[in-house]
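In what follows, a structure is listed as structure tokens, so that the remarks can point back to it.
2 protein chains.
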Amino acid sequence: MNAEIIAIGSELLTPSRQDTNSLFLTEKLNQLGVEVVFKTVVGDNRRHLVSAARAAVSRADILIFMGGLGPTEDDLTREAVAEALDLELHRDPELLAKLEQRFATRKMTMSPNNEKQADILAGATALPNANGTAPGQWLSGKYDGKEKIIMLLPGPPHELKALFEEQCLDRLRARVPPQFIATRVLKVAMMPESQCDARVAPIYKCYPDVQTTILAGAGEIQLHLRGHAESLETAQQRVEELAGKIEDELDDFVFSRNGESLEQIVSYFLQMRNLNLAVAESCTGGMLAERITSISGSSRYFLGGAIVYSNELKTQFAGVPPELIAKHGAVSREVAVALAEGVRERCQANLGLAVTGIAGPTGGTPDKPVGLVLHALAGEGKTEVIERNFPGDRKRIRWFATQQALDMVRRRLM
Amino acid sequence: MNAEIIAIGSELLTPSRQDTNSLFLTEKLNQLGVEVVFKTVVGDNRRHLVSAARAAVSRADILIFMGGLGPTEDDLTREAVAEALDLELHRDPELLAKLEQRFATRKMTMSPNNEKQADILAGATALPNANGTAPGQWLSGKYDGKEKIIMLLPGPPHELKALFEEQCLDRLRARVPPQFIATRVLKVAMMPESQCDARVAPIYKCYPDVQTTILAGAGEIQLHLRGHAESLETAQQRVEELAGKIEDELDDFVFSRNGESLEQIVSYFLQMRNLNLAVAESCTGGMLAERITSISGSSRYFLGGAIVYSNELKTQFAGVPPELIAKHGAVSREVAVALAEGVRERCQANLGLAVTGIAGPTGGTPDKPVGLVLHALAGEGKTEVIERNFPGDRKRIRWFATQQALDMVRRRLM
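What follows is the structure in structure tokens.
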């Protein structure tokens with residue numbers, strides 16, 4: 001079975017607000033084996049709401065409407081769903097009494113606009129809302145010629161979550177055929193997306209029962225695998241089998257098989273090998289250290305380092321000879337190596353990691369264009385350098401550079 | 001005119017990912033007077049995509065499809081839109097040549113799956129994508145019996161943003177009836193949201209024609225003002241009048257009246273005063289320097305500094321006496337001052353800025369709980385310290401600390 005989630009509210013169509021309830025609902029639905037196939041956001045406009053409801057009923061088995069159940073003029077969900085499904089809406093005397101009682105308990109007078117919160121769709125069950133005035137509604141039956149489950153839930157997240165967990169989950173579980181979903185996220189470092197897909201597509205195509213989604217970012221590709229089956233064992237077995245084959249194909253480009261970030265993996269490796277690290281950053285300006293220290297407990301393996309934005313500080317903090325900078329330029333293999341070795345020595349670290357490059361948008365030359373970045377890793381007896389030309393804007397080039405630098409540490413310790 | 005935004009990608013229907021491009025697009029469309037009336041999220045499934053495209057064409061004037069333009073098997077947007085609108089799809093030789101050239105320039109072989117990125121809808125104009133392989137498409141004409149504008153844009157945010165701004169905005173502006181909207185974004189540093197709202201609500205309530213939205217983040221509140229009127233002058237005059245009154249009320253807590261970031265404002269002030277800056281970061285671990293260097297041209301006023309995660313490096317890079325650390329602890333006013341003064345001296349900077357604190361989740365004590373952060377700013381003849389207890393998780397505490405540190409520089413130079 002599949003579901004569509006319809007979030008209602010004009011504020012959700014502004015540049016500054018976003019529906020987040022659907023993330024919670026998606027997680028709960030997925031756990032029951034229900035897949036969310038559409039999410040729709042629609043404003044407080046009856047015609048638009050009816051259109052959204054009609055589209056949803058034509059294409060999903062489970063429809064969850066969120067919001068628009070309050071007492072105001074622009075709360076129109078009940079009316080719109082009634083119109084779209086061609087159902088009567090009647091005022092429930094019991095619900096009305098409860099509403100009046102709720103106001104009386106709080107010693108407030110109930111204004112007449114509140115009464116419409118007692119309106120209920122023909123055939124629906126009211127779902128009491130412990131945290132607000134608007135009750136939810138549960139409806140199941142044949143609509144548009146097919147069996148459908150329809151829920152109307154309040155929009156405020158704390159009301160929606162409590163109501164869904166307490167009153168919808170069990171009802172859903174009883175109606176949904178038992179299904180099991182297994183998932184896995186593989187992450188791949190520093191490989192072009194098309195190359196990655198060309199290598200893995202022939203593999204995942206043999207697993208039509210496992211949905212494979214490829215997400216590409218700067219220097220990182222994520223492969224999300226998601227398998228359905230009639231038992232958890234089968235679902236897991238299929239996903240693990242596919243994951244294993246993809247890992248065999250991509251080999252050491254795969255850095256994570258449980259969704260961990262690259263900085264988390266570097267953290268594991270450094271701790272496992274009982275090594276520590278220091279950095280010298282020019283063009284990344286602190287981003288590399290920020291990523292490393294975003295991990296709680298990073299003080300166990302990260303000493304710190306230097307942000308050597310000016311040439312003077314390259315000398316002051318990492319001992320790079322001014323003549324070397326004068327001869328080769330600050331963005332050069334020679335200076336990258338000297339930075340890595342220098343910061344390693346100054347910090348008495350096991351590993352020294354350095355980045356120098358041209359993040360742009362200004363500062364590029366024909367010889368040394370924007371996007372040129374040198375990465376160096378110094379360790380016991382050996383310093384490696386990697387030169388790259390990264391595409392994109394300043395932010396993206398800097399991110400790419402930190403990704404490449406972290407990947408050098410990972411590969412060294414693997 | 002109104003618009004529907006359709007975000008495509010199965011990953012956007014999982015509990016862990018959300019479309020954010022639509023927020024950017026909504027802002028740009030609103031500025032043209034175009035309202036977003038529906039947002040739809042749909043997975044990489046041809047039948048679902050066709051259904052979403054059909055629903056959209058039946059109810060909105062402008063359709064923006066985002067994502068699903070890449071080279072992989074599950075990139076199906078072109079095919080689905082062609083099917084929904086009953087249009088031919090043909091391979092464009094010129095686009096194909098450009099694709100091949102792009103790969104050749106990077107000395108990479110183009111795998112055959114890339115070719116479909118040269119497929120174009122009958123009647124559409126290809127929109128070159130400077131940041132990726134997949135070009136966008138622009139289509140306008142009569143569909144479903146009405147004039148429609150249809151855009152196919154790539155999903156990665158940096159590609160979408162650049163492509164939309166450079167190639168869609170002018171085309172849209174030429175087609176949309178002129179409307180007059182004035183906006184202003186005021187940004188406020190280091191003030192609690194409830195206090196801010198209590199002070200400004202009585203003011204903005206007197207301007208019902210200006211929509212005021214308050215967004216609160218860590219150490220920053222944004223007030224978005226948006227006025228519609230029949231002439232640009234009236235809209236601007238109302239927005240400016242309200243903005244002026246809010247600024248009078250909040251005084252020097254307002255750091256920006258044109259939407260600039262705090263690091264941008266600090267950049268202006270440092271350049272205006274012809275001063276430079278160095279930093280010493282403990283708990284923020286590079287985040288402060290990263291924010292400063294995110295501004296292009298920051299090398300004019302930022303020298304660099306030290307990430308002094310370990311106590312040894314506090315001594316090595318900022319000359320903090322080990323006895324001082326032993327006596328007061330690394331998270332103390334005394335060490336914060338010594339770090340700021342020490343890094344200022346070592347870097348020969350006009351200003352030395354330091355942060356030391358407990359970002360958590362571990363490392364707190366009853367005396368020095370998680371969230372305690374000391375910020376110090378050393379300059380000619382004077383060093384200031386600010387002690388704060390920030391709420392939230394590691395990420396939020398670190399962000400708060402960088403915000404407070406930057407705000408100290410702003411206030412010193414104001």
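So the protein lines, in turn, are chains A and B.
Numbers 1 to 414, taken from our numbering, label the letters of the first sequence in order.
Numbers 1 to 414, taken from our numbering, label the letters of the second sequence in order.
All residues carry an ideal CB built from backbone N, CA and C; glycine is no exception.
Handout entry: Buried or exposed by the 16-neighbour rule on C-beta atoms within 10 Å, applied to B/Asn21
Key = With 16 or more Cβ atoms within 10 Å of its Cβ, B/Asn21 is classed as buried.
Exercise for the section: Give the residues of chain B in contact with A/Cys347, contact being defined as C-beta atoms less than 9 Å apart. Expected result: Ser310, Glu312, Leu313, Gln316 and Phe317
Problem - Identity of the residues DSSP links to B/Tyr143 by a beta bridge - result: B/Lys146
Problem - Close beta carbons around A/Arg410, own chain, < 8 Å, minus the five adjacent residues each side - result: Ala189, Phe255, Leu262, Ile265, Val266 and Phe269
Handout entry: Residues bridged to A/Ser256 (per DSSP)
Key = Residue pairing from DSSP places A/Ser256 in a beta bridge opposite A/Lys187.
Handout entry: Against chain A: residues of the stretch 51–78 of chain B by CB proximity under 8 Å
Key = Ser51, Ala52, Ala55, Ser58, Arg59, Gly70, Pro71, Thr72, Glu73 and Asp74
Problem - 6 Å Cβ shell around B/Lys314 - same chain, five flanking residues per side excluded - result: Val308 and Val320
Problem - Host alpha helix (DSSP H) of B/Ile358 (start-end) - result: For B/Ile358, there is no enclosing alpha helix (DSSP H), since its DSSP letter is neither H nor E.
Practice task
Say whether chain A places a C-beta atom closer than 8 Å to the C-beta of B/Asp144.
Solution key: Taking 8 Å as the threshold, the shortest C-beta distance from B/Asp144 to chain A does not fall below it.
Problem - Nearest to A/Ala198 (by Cα), restricted to the options A/Ala80, A/Ile246, A/Leu232 and A/Phe164 - result: A/Ile246
Problem - With 16 other Cβ atoms within 10 Å as the buried cut-off, status of A/Met108 - result: exposed
Practice task
For A/Ile214, return the contacting residues in chain B, with the cut-off set at a CB-CB distance below 7 Å.
Solution key: Thr72
Handout entry: 8 Å CB neighbourhood of B/Leu99 in its chain, flanking five on each side removed
Key = Met110, Asn114, Glu115, Gln117, Ala118 and Thr133
Practice task
Whole angstroms is fine: what's the gap from A/Phe253's alpha carbon to B/Gly286's?
Solution key: A/Phe253 and B/Gly286: Cα-Cα distance of roughly 27 Å.
Handout entry: Cα-Cα separation between B/Gln403 and A/Pro177, rounded to whole angstroms
Key = 51 Å
Handout entry: Whether A/Val343 touches A/Ala318 by CB criterion (8 Å)
Key = In terms of Cβ geometry, A/Val343 and A/Ala318 form a close pair [threshold 8 Å].
Problem - Pairwise C-alpha distance: B/Asp86 and A/Thr234 - result: 41 Å
Exercise for the section: Would you give the residue range spanned by the beta strand (DSSP E) that A/Ile295 belongs to? Expected result: Segment: none, A/Ile295 is in no beta strand (DSSP E) and carries neither H nor E.
Problem - Any C-beta of chain B under 8 Å from that of A/Ser140 - result: no
Handout entry: Pairwise C-alpha distance: A/Cys168 and B/Val57
Key = Cα-Cα distance, rounded: 34 Å.
Practice task
With a cut-off of 8 Å on the beta carbons, I'd call B/Ala336 and B/Ala289 a contact; round off their distance for me.
Solution key: Not confirmed; about 17 Å, so no contact.
Handout entry: Cβ-based contacts, 9 Å cut-off: residues of the stretch 218–241 of chain A near chain B
Key = Ala218, Gln222, His224 and Arg226
Exercise for the section: Using the Cα positions of B/Leu339 and A/Ile181, report the straight-line distance between them to the nearest angstrom. Expected result: 52 Å
Exercise for the section: Count the CB pairs spanning the stretch 217–229 of chain B and the stretch 148–158 of chain B that are closer than 8 Å, and state whether there are at least three. Expected result: No, they do not touch.
Handout entry: Residues near B/Leu95 in its chain [Cβ-Cβ closer than 8 Å; skip 5 each side]
Key = So the list reads Gln117, Ala118, Ile120, Ala126 and Pro135, once near-sequence residues are dropped.
Practice task
Count the other CB atoms, across all protein chains shown, that sit within 10 Å of the CB of B/Gly55; report buried if there are 16 or more and exposed otherwise.
Solution key: Here residue 55 of chain B is Ala; the residue named in the question, Gly, does not match the sequence. The Cβ neighbour count for B/Ala55, taken over all protein chains shown within 10 Å, is at least 16; the residue is labelled buried.
Problem - Helix, strand or coil at B/Met408 [DSSP, three-state] - result: helix
Practice task
Have a look at B/Ile5 and A/Arg17 and give me their C-alpha separation to the nearest angstrom.
Solution key: 15 Å
Exercise for the section: Could you name the residues of chain B that A/Pro15 contacts, counting a contact when the two beta carbons are closer than 7 Å? Expected result: Leu23, Thr26, Glu27 and Asn30
Handout entry: Nearest-angstrom Cα separation, counted from B/Leu13 out to A/Val34
Key = 12 Å
Exercise for the section: Answer yes or no: does any C-beta atom of chain B fall closer than 8 Å to that of A/Leu303? Expected result: yes
Practice task
Name the residue from B/Cys206, B/Thr26 and B/Val385 whose alpha carbon lies nearest to the alpha carbon of B/Asp407.
Solution key: B/Val385
Problem - Reduced DSSP secondary structure (H/G/I, E/B, other) of B/Asn350 - result: coil
Practice task
Give me the Cα-Cα distance between B/Phe390 and B/Val331, rounded to the nearest whole angstrom.
Solution key: In this structure, the CA atom of B/Phe390 is about 14 Å from the CA atom of B/Val331.
Practice task
Using three-state DSSP, classify A/Val385 as helix, strand or coil.
Solution key: strand
Exercise for the section: Could you tell me if B/Met66 is buried or exposed, where buried requires 16 or more neighbouring beta carbons within 10 angstroms of its beta carbon? Expected result: buried
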